[in-house]
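In this note's numbering, the protein residues as written are 1294 to 1941.
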């Protein structure tokens, strides 16, 4: 009974408020109540009527007001608030935030919406589709009604090119055979034709056609064939300039490495310019060594213009890290240029690069607090000094120093504070720094990193650890989504001292903990391979990360170590092991906001020779804040060995 009364009240309120909306609307005006689309199709083919109807409803404009049980509550609120006296204040905020103006039926153009529906379906290959629209009025509301009859789709029969320039046609047809996106027997769509135009544009720009663009290509579709087949004829737009049809070669390359907008545009004459590796450089203050530019620019004078090489060069300059802004410009070479005279059928292009350097030296300080899952809280201070061009070769020299303090308030950890002080010095060289020649023309510049680090770590009631590290690694990206790193030298020295009597008593005869506290050297080499899906919004997203590491091979062979912890180097035991781990992730998009995610992690570590087990920093650990958070570290594997509280 109570529910019935509630529904009656709601119904009456809706009627009353609807009447108030109707009274406040202009005379002879209606409120738009949305659209209803009826979709049918011709016989002889399959198509989802439901998906087409949804798409047609998206095409119709305008969008109706939001309603509850047919009541335009936001419109009612709009009228109830009235017109604000000024464009600021609480009333204006309420009206713009929670109300909306009425969408009147007079704004609906069913003819235009019908044409848009028809055009959309024809762009999808459903030629000769019919679409009509009408309106109906009930009360003070107007509803737009549309009828769409989807015609049989047309499939591609043949693709033909008609171009008056024989060389241009040859360049297109040579690539068209196996790479075209217009596949016979597939449905004709406007998107495919546009994509094909863009593909041909990139093809031609990589063959020297600098002034070409997709808008110069037009497509004619002949649907007069039987069996719903269509021939596609593609050609150049009438009146296409001759310059578009000609190939261009690089004439001169000029670099301005100290460009700034605060000064007048630099003189582009070649007088008194330094030439290095066929590249002109205007660097009057010798801020950069010439090889910075010769290694970044991937083409030379005399080569055919290529958009791919142009973008590759820009990307390499940007990723050097030494330049704040990078821009380039191409202009046609004069008729008197040497290369122009050598080949009258080919035009020349002069390339200009304007580079604005980053601030050479910077210093940055950061201070912050943190909390850990083991009940510790603390703060850390980082000081970072950076020189982006330390040896004038775009080398990055970085010195980082940090200090941190951790404490806990729970009884079991009181007065067991942690202190950490460390520094790291790194030099990053933007090229292959190796004893042999390596081809370098990738999209990104390679990086060779030298790292030297030290850290002092004190656990107040337990021990003090000293870590020293030196590493030499080379990193490069062969593609946007493929990155590789190889470190021939990675040496870490660990020395533990300052044991408290309490800790020594707790360790007792535990051999694992005793051996873990001995001076140790991890001298290893490792390789990392990382790849992932280029587009994060793709339907299928892949991620793969592989690591392979080997340690102690040379030391083991030199000392003849055969049993665990039997040999030392400079008083420290060296680790011997082989380790590999693989991380594979796959995400499949099912719906707009629904994904299924899969992850597989495989790892194996084999100690041998001078080691009985992997060093602590190289062990596989499951559980804890960085893994399965519902479990304590090391409590669920790997393996079945139970660990004590001291090992935790």
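Just so you know, even glycine gets a beta-carbon here, dropped at the ideal spot from N, CA and C.
Here residue 1865 really is in contact with residue 1786; their C-beta atoms are around 6 Å apart, less than 8 Å.
Cβ-Cβ separation between residue 1783 and residue 1818: approximately 7 Å, consistent with a contact (criterion under 8 Å). Counting of Cβ neighbours within 10 angstroms places residue 1519 among the exposed residues, the total staying below 16. Residue 1441 carries a strand assignment under DSSP once its states are collapsed to helix, strand and coil. As DSSP reads the structure, residue 1673 sits in a beta bridge with 1661 and 1697. Looking at the DSSP output, residue 1896 shares a beta bridge with 1874. The region 1533-1571 is shown to contain whole beta strand (DSSP E) runs of 3 or more residues at 1541-1549 and 1567-1569, in chain order.
Under the three-pair Cβ rule at 8 Å, the region 1734-1744 counts as touching the region 1711-1723. Residue 1886 carries a coil assignment under DSSP once its states are collapsed to helix, strand and coil.
In this structure residue 1648 is in contact with residue 1548, their Cβ atoms being roughly 7 Å apart against a cut-off of 8 Å.
The bridge partners DSSP lists for residue 1742 are 1721 and 1766. Annotation: residue 1740 to residue 1727 spans about 11 Å, alpha carbon to alpha carbon. Its chain contains 1676 and 1716 as the residues whose beta carbon lies nearer than 7 Å to that of residue 1694, once the 5 sequence neighbours on both sides are disregarded; these appear in chain order. The beta carbon of residue 1789 lies closer than 6 Å to those of 1756, 1758 and 1810 in the same chain, with the five residues before and after it left out.
Per DSSP, reduced to three states, the secondary structure at residue 1450 is strand. Across the set 1424, 1800 and 1703, the C-alpha of 1424 shows the shortest separation from the C-alpha of residue 1409.
Taken through DSSP and simplified to helix, strand or coil, residue 1847 comes out as helix. From the listed residues 1723, 1646, 1462 and 1385, the smallest Cα separation to residue 1373 is found for 1385. Residue 1712 is bridged by DSSP to 1698 and 1751.
By the criterion of at least three beta-carbon pairs nearer than 8 Å, the region 1841-1852 is not in contact with the region 1885-1897. For the pair residue 1597 and residue 1542, the CB atoms are nearer than the 9 Å cut-off.
If you look at residue 1781, you'll find it in the beta strand (DSSP E) that goes 1775-1790. A straight-line Cα-Cα distance of about 35 Å links residue 1577 and residue 1500.
For the 9 Å CB-CB criterion, residue 1525 and residue 1486 form a contact.
Here DSSP, grouped into helix, strand and coil, assigns residue 1455 to strand. In terms of Cβ geometry, residue 1388 and residue 1370 form a close pair [threshold 9 Å]. With distances taken between CA atoms, residue 1793 lies nearest to 1753 out of 1654, 1753 and 1780.
Under the three-state reduction of DSSP output, residue 1317 falls in the helix class. Collapsing the DSSP output to three states places residue 1584 in a helix.
With fewer than 16 other Cβ atoms inside 10 Å of its own Cβ, residue 1657 counts as exposed. Beta-bridge partners of residue 1649 (DSSP): 1618. As the crow flies, the alpha-carbon of residue 1383 is around 12 Å from that of residue 1391. C-alpha of residue 1722 to C-alpha of residue 1688: approximately 5 Å in a straight line. Boundaries of the alpha helix (DSSP H) harbouring residue 1601: 1600-1611, taken from the DSSP string. Bounds of the beta strand (DSSP E) holding residue 1431 are 1423-1431.
Taking each of 1413, 1761 and 1738 in turn and checking the Cα distance to residue 1770, the smallest one comes out for 1738.
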